[in-house]
Amino acid sequence: MDVVEIDTFDEDSLDSEKIKHLLCSNSNKYIVIENKLSKPCPSWWKIFGFPGILDENKQYRRIFGYVSCFKCFQTFIYSSKSGTTRLKEHEIKCIKSNSSSSSPSSSSSSSSSSISISSEVINQSDVLLSTQSTLAQHGFKKSIKLSEKDIENMKKLSAQWMCENIRPFSVIEDSGFRAISQELIRIGHKYGVVDVDDVLRGRKTTAQTIYNLADSYRERIKQILIEPLQQRAVTISPDFWLDPYKNISYLGLNVSFVDANHRYFSIDLFCRAYFGVKSGDLIVKSLQTHLQEFGINDLTSVNILCDRGSNFVKGFRDYDPLFCYGHRLNNILKTSFFQNAKNKKKTPVQHQQLILPRHQIIVHEDDSEDDEDILISIPVIRNRKQKDDNQQLSAKASVDDIPGEAKAVLLTLSQCKKVIKFIKKSGLNKEIQRSGGVTVHQSIDIRWLSIMESLESILRSFKIIKKILINKQQQKLLLNVNDKIIKQLLLLLKPFQDVIKLIQVGNSPSLHMVLLCTQTLRDALKSYESLMNYNNVRDDHQLEQRKIFLKSNAKFAE
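Put into structure tokens, the structure is as follows:
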């Protein structure tokens, strides 16, 4: 049969190991073709040829880019840029192994021993050559530039994944997804092109693995906590979270501690569904049950950090808890601008609206109350006290009782939220970007930090937003939005924003910063001039210098 070279073969479908397997298992379709070159060949070529495949014309076509051994079908990548050292050493290996297998059984022990030793040395060298580790196997990742075709294909596959399976865009940047992708690349580098179904496991296997891992990690954490518990170096931070779709409350707990080597750890220990009344005693009982799994049998052996929710305050009254400074700052800002609307009995008299009910501006973050004026879990019947004529008026006032300037501030806050809602529902963020502005951000469950970011995003694109809304005949949305008021609000709230970001680090201790942050707020807010001086520090370098200064003062105070 004629031999025809083919260099248009689909190289992605085959590799050295697959070709060797096909030569061994399907000799009718795959053979090793003799090298019939006119120029003289090196001696090692006598055991090598080109792998070939039988095509539809009954001709064996060469699989370009590979050479195979006639005796063992071992296949190697071969091109003008590849070396020949592997081929020469494989020739020696094959010759020695064949001579060893063909030697008579009556050979002397010395000769068989020498042959055995030689084969062993050759086998070891061949193994070393074939399994020599690379930098990639030791965690080093090389930076390469992909072709435009590959980049576009990845973009297309990612977009199809998001749309067809209704996945959030943020999943493509998830650290877990990136870790899995990196591991798939490592496996592909090690084994070549493999079927993804041979690598990834199903949902049932993954679910079962979670239980196994959780049991293993709990036992490890339990052992790690033994020494810090003995030194009373463990702090727990419980909190409630609400799933608004299933209407299920979850009790979560973070534990932070320092080990004997002075290393700081912060671990989300558990997040369990909580059913029933959220009274202080029942919460503490539930916490004690969950903490026993980790070897924490007595709450007096740990430090407790929580918010000032009435249930936590009551439940931990015997344990001297520390109250969260970040929550306290949020409550100060909240009560300075908003009031909670109380449920009252129906009466024929029309009630006056209280100052901007909080739910119009802020979405409730979790199911744990953050201040003292929220109703407790179990209603308690109290005897009505007689009103004292000299009693001071309640701090809660109606809209009609406040000055016009303050009313304008509250209306601006409320209307900004409505503007952002309209922009997001109408898909106008893209149009704002095309016009040279930045996308606006709605306030989310982290409360005042997100509200300040929302105001900043509106201010940066205020003129563009105004122009777009006029074109959409929605200029009425901006009637109560005053850019000067937004600037004044940001001027006032900037110190709070910096302090809250500085204190809510999450992955490092910040208790030592409380006093310094409080003093910073007092200094910045004592006068309009000091507030202006504080806000003049705008560039990132000076902000970083301020943080370094605060931290250095903390070390000095220690």
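So the sequence shown is numbered by my numbering: it starts at 93 and just counts up by one. From the three backbone atoms N, C-alpha and C, an ideal C-beta is built for every residue, glycine too. Quantities reported herein were computed from a predicted structural model and do not represent experimental measurements.
Roughly how many angstroms separate the alpha carbons of histidine 354 and glutamate 319, rounded to a whole number?
12 Å
Between serine 329 and cysteine 398, which are expected to be in contact by the criterion C-beta below 8 Å, what is the C-beta distance as a whole number of angstroms?
Cysteine 398 and serine 329 do touch by the CB rule: their CB atoms are close to 7 Å apart, below 8 Å.
Measuring only the C-alpha atoms, how far is phenylalanine 415 from valine 405?
9 Å
Please confirm whether isoleucine 169 and proline 143 have their CB atoms less than 8 Å apart.
no
Could you tell me if leucine 106 is buried or exposed, where buried requires 16 or more neighbouring beta carbons within 10 angstroms of its beta carbon?
With 16 or more Cβ atoms within 10 Å of its Cβ, leucine 106 is classed as buried.
Helix, strand or coil: how does DSSP classify aspartate 575 here?
helix
Starting from the C-beta of glutamine 589, find all residues in its chain whose C-beta is less than 7 Å away, skip the five residues before and the five after it, and write them out in chain order.
The residues Leu541, Met544, in chain order, have a CB closer than 7 Å to that of glutamine 589 in the same chain once the five nearest residues on each side in sequence are set aside.
Is the distance from the Cβ of glycine 372 to the Cβ of asparagine 423 below 8 Å?
no
On the CB-based measure, 16 or more other CB atoms within 10 Å of its CB, does aspartate 307 come out buried or exposed?
Around the C-beta of aspartate 307, fewer than 16 other C-beta atoms lie within 10 Å, and the residue is accordingly described as exposed.
Less than 8 Å between the beta carbons of valine 326 and leucine 317, yes or no?
yes
What separation, rounded to the nearest whole angstrom, lies between the Cα atoms of valine 530 and serine 267?
26 Å
Straight-line gap, isoleucine 264 to leucine 249 (C-alpha atoms, nearest Å):
11 Å
Ignoring anything shorter than 4 residues, give me the alpha helix (DSSP H) runs that lie fully in the segment 549-616, in order along the chain.
554-563, 575-595
Residue environment, histidine 281, which counts as buried when at least 16 other CB atoms sit within 10 Å:
exposed
Does the separation of the CB atoms of proline 550 and valine 511 fall below 8 Å?
One point to set straight first is that residue 550 is isoleucine, not proline, in the sequence displayed. Yes, they are a contact pair.
I need the DSSP call for arginine 154, collapsed to helix, strand or coil.
In the displayed model, arginine 154 falls within a strand according to three-state DSSP.
Using three-state DSSP, classify glutamate 148 as helix, strand or coil.
coil
Are there 16 or more other CB atoms within 10 angstroms of the CB of arginine 295, so buried, or fewer, so exposed?
exposed
Determine whether the beta carbon atoms of glutamine 507 and leucine 569 lie at a separation below 8 Å.
yes
Give the secondary structure of cysteine 398 by DSSP, where H, G and I count as helix, E and B as strand, and everything else as coil.
strand
Distance CB(isoleucine 556)-CB(threonine 504) smaller than 8 Å:
no
Check whether the Cβ atoms of isoleucine 279 and valine 286 lie closer than 8 Å to each other.
yes
Pop quiz: aspartate 147 and arginine 153 are said to be a contact at Cβ under 8 Å. What is the actual Cβ separation, rounded to whole angstroms?
5 Å
Pairwise C-alpha distance: aspartate 289 and isoleucine 123:
30 Å
Helix or strand or just coil, what does DSSP make of alanine 271?
helix
What does DSSP give as the partner residues of arginine 364 in its beta bridges?
Arginine 364 is bridged to Leu343.
Quick one: residues in its chain with C-beta nearer than 6 Å to the C-beta of glutamate 183, no 5 flanking neighbours on either side, listed in chain order?
Trp136, Ile139
Whose C-alpha, out of Tyr356, Leu374, Lys370, Gly344, is nearest the C-alpha of cysteine 363?
Gly344
Is valine 501 near the ligand NAD - that is, is its Cβ less than 7 Å away from at least one heavy atom of it?
By its list of ligands, the structure shown contains no ligand whatsoever, and the ligand NAD lies outside what it can speak to.
Phenylalanine 408, buried or exposed, once every other Cβ within 10 Å from all chains shown has been counted against 16
By the neighbour-count rule (16 or more Cβ atoms within 10 Å), phenylalanine 408 is buried.
Go ahead and label isoleucine 562 buried or exposed: buried means 16 or more other beta carbons lie within 10 angstroms of its beta carbon, across all protein chains shown.
exposed
Contact set for arginine 393: own chain, Cβ-Cβ below 7 Å, skip 5 residues either direction
One point to set straight first is that residue 393 is serine, not arginine, in the sequence displayed. Once the five neighbours on either side are set aside, the close Cβ partners of serine 393 are Leu321, Arg324.
Nearest CA to the CA of leucine 571: which residue from Pro587, Phe554, Leu584, Ile145?
Phe554
Ignore the nearest five residues each way along the sequence and tell me which others in glutamate 109's own chain have a CB closer than 7 Å to its CB.
Gly284
Using CA atoms only, rank isn't needed, just tell me which of Val350, Ala352, Asp331, Asp351 is closest to tyrosine 342.
Asp331
List the endpoints of the continuous beta strand (DSSP E) containing tryptophan 92.
Outside the shown range of the chain, which is 93 to 650, sits residue 92, and nothing can be said about it.
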